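Under mature numbering (1 follows the signal peptide of the UniProt record, and there is no 0), the letters of the sequence shown match residues -21 to -1, 1 to 315, in that order.
Glycine is no exception: its CB is placed at the ideal position from the N, C-alpha and C atoms.
In this text the structure is predicted, and so the values were computed from the model without any measurement.
Below: one structure, written as structure tokens.
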Amino acid sequence: MLSFETFLQLFLLTTIAAVIADATPSNSRPSASDNSLDARSATDVDGTFDGCHYQVEGAGAFSNHFSFDFTTMDTLPDEFIASTYEVGSGPYAPYAHIFNPDNIVLGTGQPMQMIVPGGQTADPLDTCQLVTRYDDILYASVRTVAQVSPVNGTVHGFFMYMNDTQETDIEIRTGDPGHVHFTNQQTHPGNGETTYAVAAPSTMTSAFHEYRYDWLSTGTNFYIDGVLTLTITRNNPSSPGWLMWNSWSNGYAWTYGPPLQDNILLIRSVEAYFNRSSVDTSNCEPSAATSIRATSTSAGARVTTNAAAVSSRPTSAADIETTKTDADYDYYWDCT
Ligand SMILES: *[C@@H]1O[C@H](CO)[C@@H](O)[C@H](O)[C@H]1NC(C)=O
Ligand SMILES: *[C@@H]1O[C@H](CO)[C@@H](O)[C@H](O)[C@H]1NC(C)=O
Ligand SMILES: *[C@@H]1O[C@H](CO)[C@@H](O)[C@H](O)[C@H]1NC(C)=O
């Protein structure tokens, strides 16, 4: 016999499952040729959510999760802001560059395109960048499934940024398709950045691969296609910040360029598990049905956070633009 209590629990669980399923419309699977990518990346740990935390293997517990399949979207999800500010030129940047939202193109049935138009001669160069609406992300596991542009002359960046000295990066120089760069920027002037170039997947510019960083309190672990490739413990950032994705050029040796033809970074999906420093989750009760909140911001999007996180204020675009200055970008020039 089912007790009333058990019945109620089952009812609640079924309802919640339905809500979550509803929030995940046809998380469209990649084409057959990409099945192997699925197998070696993007392990779905949703099943480990206990109402408060997700357990991510090799990383620990996180309170928040988002997953966006851009092939199902015509517009950016609310969690992201397309940057509009300009980064000045300097001794190691012959060109200034400006982030132009028009260079980020979404359309159902295709990956998101982040474009640096070819043949530019005017200053500033037209480039593009996406940032999370939250500036308070403190530790995260971030996965980006992307195909790198075969056109020389940009850097694609998938990174966490607070300022010059609190930053961890995955960077791909399209003029050096043999390598992927993993870096913790120096936490103190004179410390020296901690940067490594590892072998790139041989099909980096013709196929999608998963690029992942797990930024933890103990260090940053970098993965390619689900394989732990490098761990950096020195210069590990410890201040909350934004998650960012960009593609840009300043004409200097780190980026080369500007590109002669359209340089298009394709991003099929991004997924992140993360904690937020300004959200107090200490009252969260594991397995408490009422703490689960799944929302769908657009098709293919899933955002799940615990109840405590919902009440917090998102950062406005203005906050981001006024806190980032040209000087913050010195770090790019250090990278050569
Ligand atoms: C995330 O926050 C929870 C507390 O809500 C904590 O237990 C966990 O260790 C944090 N995760 C990481 C990777 O720091
Ligand atoms: C970056 O932010 C951290 C934490 O707020 C601060 O201690 C550090 O001085 C900042 N670095 C720069 C270069 O502004
Ligand atoms: C990209 O352009 C730079 C500068 O012209 C050149 O040194 C580099 O070898 C090029 N990379 C490739 C892959 O052709």
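Query, Result
"Where does the unbroken beta strand (DSSP E) through S248 begin, and where does it stop?", "242 to 255"
"For R112, tell me which candidate among R122, L239, L222, N254 has the shortest Cα-Cα distance.", "L222"
"Starting from the N-terminal end, write out each residue whose C-beta falls within a distance shorter than 5 Å of any non-hydrogen atom of ligand 4.", "This structure does not include ligand 4; its bound ligands are ligand 1, ligand 2 and ligand 3."
"Give the secondary structure of P90 by DSSP, where H, G and I count as helix, E and B as strand, and everything else as coil.", "strand"
"What are the boundary residues of the beta strand (DSSP E) that A174 is part of?", "According to the sequence as given, residue 174 is Thr; it is not Ala. Here the beta strand (DSSP E) through T174 covers 173 to 178."
"So is D101 buried or exposed if we call it buried at 16+ other beta carbons inside 10 Å?", "First, the amino acid is wrong: residue 101 is Ala here, not Asp. Exposed, because fewer than 16 other Cβ atoms sit within 10 Å of the Cβ of A101."
"Given this structure, state the Cα-to-Cα distance separating G37 from V177, to the nearest angstrom.", "21 Å"
"Could you pull the start and end residues of the beta strand (DSSP E) that Y192 belongs to?", "188 to 195"
"How about T144: is its Cβ closer than 8 Å to a heavy atom in ligand 2?", "yes"
"Is the beta carbon of V249 closer than 9 Å to that of V121?", "yes"
"For F201, which residues from the same chain have a beta carbon less than 6 Å from its beta carbon, with the 5 sequence-adjacent residues on both sides left out?", "F161, Y192, T208, L209"
"Quick one: give me the first and last residue of the beta strand (DSSP E) that H158 is part of.", "158 to 163"
"To the nearest angstrom, how far is it from the Cα of C107 to the Cα of W233?", "17 Å"
"How should T182 be labelled, buried or exposed, when 16 other C-beta atoms within 10 angstroms of its C-beta is the threshold for buried?", "exposed"
"Counting C-beta neighbours from all protein chains within 10 Å, is the total for Q89 16 or more, i.e. buried, or is it exposed?", "exposed"
"Closer than 8 Å is the cut-off here; do at least three beta carbon pairs connect the segment 48 to 64 with the segment 129 to 149?", "no"
"Determine whether the Cβ of F41 lies closer than 9 Å to any Cβ atom of chain C.", "Although the question refers to chain C, the structure presented lacks it and comprises just one protein chain."
"Once DSSP output is grouped into helix, strand and coil, what is the label at N200?", "strand"
"Hey, out of Y175, W227, D115, F137, whose CA is closest to G157's CA?", "Y175"
"Going by beta carbon distance, what residues of the same chain come within less than 7 Å of G154, once the five residues before and after it are set aside?", "N131, G132, Y235"
"How is the beta strand (DSSP E) around R152 delimited, first residue to last?", "145 to 152"
"Determine the direct distance from the alpha carbon of S266 to that of E172, and round the result to whole angstroms.", "42 Å"
"Just to confirm, are W224 and T147 a CB contact at a threshold of 9 Å?", "no"
"Taking the straight line between their C-alpha atoms, what separation do you get for P73 and T27?", "49 Å"
"Secondary structure at F(-15), three-state DSSP: helix, strand or coil?", "At F(-15) the pLDDT is 45, less than 50, meaning the model places this residue with poor confidence; the figure from the coordinates comes in the next sentence. Helix at F(-15)."
"Any residues whose CB sits closer than 6 Å to a heavy atom of ligand 1? List them in chain order?", "A38, G39, A40, F41, S42, Y118, L195, S196, N254, T260"
"Please classify E264: is it buried, with 16 or more other beta-carbons within 10 angstroms of its beta-carbon, or exposed?", "exposed"
"Between V127, M141, Q99, N214, which has its C-alpha nearest P168's C-alpha?", "N214"
"Roughly how many angstroms lie between the CA atoms of A251 and D115, to the nearest whole one?", "14 Å"
"Say the cut is 8 Å; is the CB of M141 nearer than that to a heavy atom of ligand 2?", "yes"
"Is S218 near ligand 2, judged by its Cβ being under 8 Å from some heavy atom?", "yes"
"Could you give the DSSP three-state label for N214: helix, strand or coil?", "coil"
"Taking all protein chains shown into account, do 16 or more other C-beta atoms lie within 10 angstroms of the C-beta of N285, making it buried, or fewer, making it exposed?", "Any reading at N285 needs caution, since the residue's pLDDT is 45, under 50, leaving its predicted position unreliable; the model's value is listed next. Under this definition N285 is a buried residue."
"Please classify S217 as buried or exposed, where buried requires at least 16 neighbouring CB atoms within 10 angstroms.", "exposed"
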